[in-house]
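These notes are about the structure you will find just below.
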Amino acid sequence: MANLLLYISLFLIWYMLFYHAFLMIGGFLHLLKDGKFKKGLKISLGSFPKVSILIPAHNEEVVIEDTIKSMIQLNYPKDKLEVIVINDNSSDLTGAIIDSYSKRYPFIKAVHTKPPNAGKGKSGALNQGLKHSTGEIIAVYDADNTPEPNAILYLVLGLCNDKNAGAIVGKFRVVNANQNILTRLINIETLTFQWLAQAGRWFWFKMTTIPGTNFAIRRTILEELGGWDEKALSEDTELSIRVYNLGYYIRFFPSAITWEQEPENLKVWWKQRTRWG
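Counted the way our numbering counts, the sequence shown spans residues -2 to 274.
And the structure:
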């Protein structure tokens, strides 16, 4: 019996080593292939689809202004862009900051949720924002994200050049990676996840999952699915499953990059991971 357990343990160890090496090779090959895919992307100036960017925010006064500023810098026709920032019943200055920008920029819209439509989590806030959106493509960013200027352009180009893709996912980087030991470890984790779980799985199996930020999905698909499930603890994973069930796949396109703020102490990190679990 002891020998059997030993053999099983050794098999599992070697299996995991080979599997992750397999994914790592796939991730590397995908990065090479991604450059060729990007060069082949085409879209005429007059055919840019309208994009609605949804940004749910609850008590985000510290970071929301930088996020909105990054939206203003996006390289995408402003007449084909609407940025909808959902102030989900915040008790700080989040709403006031959003309003100050919506008054100055026509493509920025402020949505303020109040009970009973408020406090239903990220999914609830996204559904409220979806009701106010008009874009053919729906993109989502967290309130602590600052996408690079070409991020939305790449997400849109990726969808428009791949009719079988129901959604497209970009890459995220950690803006405060060098803050302390915790953020350094989180940075290593995110890079590993995107190399193996996203790029590797996409290359070999055409399978990846929607993260909570920096992704775009076709409006027709989102409406067919009935929006986000407000009862799901992990709305991104749940949405991914439903997109695959419709017969579409989710493309990983690492050229679309966003930067995000990660937890800098264990208490906030644990709360985040508990919600993800």
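Idealized CB from N, CA, C, for every residue including glycine. Predicted model only: the values in this text are computed from it and were never measured.
Among the residues of its own chain, which have a CB less than 7 Å from the CB of E257, if the five just before and after it don't count? Translated into positions along the sequence shown, residue 257 becomes position 260. Correct list, in chain order: D139, D141, N142, F169, V171, V172 and T210.
Assign E79 to one of three DSSP states: helix, strand, or coil. In the sequence shown, residue 79 corresponds to position 82, counting from 1. Looking at E79 - three-state DSSP - the assignment turns out to be strand.
Less than 7 Å between C-beta atoms, sequence neighbours within five positions excluded: which residues of the same chain meet that for D226? Residue mapping note: residue 226 aligns to position 229 of the sequence shown, counting from 1. Once the five neighbours on either side are set aside, the close Cβ partners of D226 are S120, E232 and E235.
Nearest CA to the CA of V60: which residue from K264, G118 and E259? Stepping through the sequence shown from its first residue, residue 60 is reached at position 63. Minimum Cα distance to V60 is reached at E259.
Considering only their Cβ atoms, is the gap separating F200 from V166 smaller than 8 Å? As a position in the sequence shown, residue 166 is number 169, starting the count at 1. As a position in the sequence shown, residue 200 is number 203, starting the count at 1. Contact: no.
Inside the stretch 45 to 131 only - beta strand (DSSP E) runs reaching at least 3 residues: Here the runs fully enclosed are 48 to 54, 78 to 85 and 105 to 110.
Might you give, ordered along the chain, the residues of its own chain that have their beta carbon closer than 6 Å to the beta carbon of L222, omitting 5 neighbours on each side? To locate residue 222, count along the sequence shown from 1; it is residue 225. A distance below 6 Å between beta-carbons, with the five flanking residues on each side excluded, links L222 to the following residues of its chain, in chain order: R239.
Need the endpoints of the alpha helix (DSSP H) that I238 sits in, please. Taking the sequence shown and counting its residues from 1, the one referred to as residue 238 is at position 241. Run containing I238: E232 to N242, per the alpha helix (DSSP H) assignment.
To the nearest angstrom, how far is it from the Cα of A122 to the Cα of I81? Residue numbering aside, residue 122 sits at position 125 when the sequence shown is read from its first letter. Residue numbering aside, residue 81 sits at position 84 when the sequence shown is read from its first letter. The alpha-carbon atoms of A122 and I81 are separated by roughly 11 Å.
For I65, which residues from the same chain have a beta carbon less than 6 Å from its beta carbon, with the 5 sequence-adjacent residues on both sides left out? Against the sequence shown, residue 65 aligns to sequence position 68. Same-chain partners within the cutoff: Y98.
Buried versus exposed, by CB contacts within 10 Å (16 or more), N175: Mapped onto the sequence shown, residue 175 falls at position 178. Exposed, because fewer than 16 other Cβ atoms sit within 10 Å of the Cβ of N175.
Pull up the DSSP beta-bridge partners for E257, would you. Looking up residue 257 in the sequence shown gives position 260. Paired residues: N142 and V171.
Have a look at L255 and A229 and give me their C-alpha separation to the nearest angstrom. Here residue 255 refers to the residue found at position 258 when the sequence shown is read from its first residue. Here residue 229 refers to the residue found at position 232 when the sequence shown is read from its first residue. Reading the sequence as shown, one finds Thr at residue 255 and not Leu. Each residue's Cα considered, the two are about 25 Å apart.
Best match in G197, T131, I214 and H55 for proximity to L28 [C-alpha to C-alpha]: What you label residue 28 is simply residue 31 of the sequence shown in a count that begins at 1. The residue among G197, T131, I214 and H55 with its C-alpha nearest the C-alpha of L28 is G197.
Alpha carbons only, please: which of V137, H55 and I83 is nearest the one belonging to L219? Reading the sequence shown from its first residue, position 222 is the one you call residue 219. Residue V137 is the option with its Cα nearest to L219.
Taking DSSP as the reference, what is the three-state secondary structure of I5? Within the sequence shown, the letter at position 8 stands for residue 5. Taken through DSSP and simplified to helix, strand or coil, I5 comes out as helix.
How far does the alpha helix (DSSP H) with A148 in it reach, from first residue to last? In the sequence shown, the residue the question calls residue 148 occupies position 151. A148 -> alpha helix (DSSP H) spans A148 to C157.
With H, G and I counted as helix, E and B as strand and the rest as coil, what does DSSP make of Y245? As a position in the sequence shown, residue 245 is number 248, starting the count at 1. Of the three classes helix, strand and coil, the one that applies to Y245 here is coil, per DSSP.
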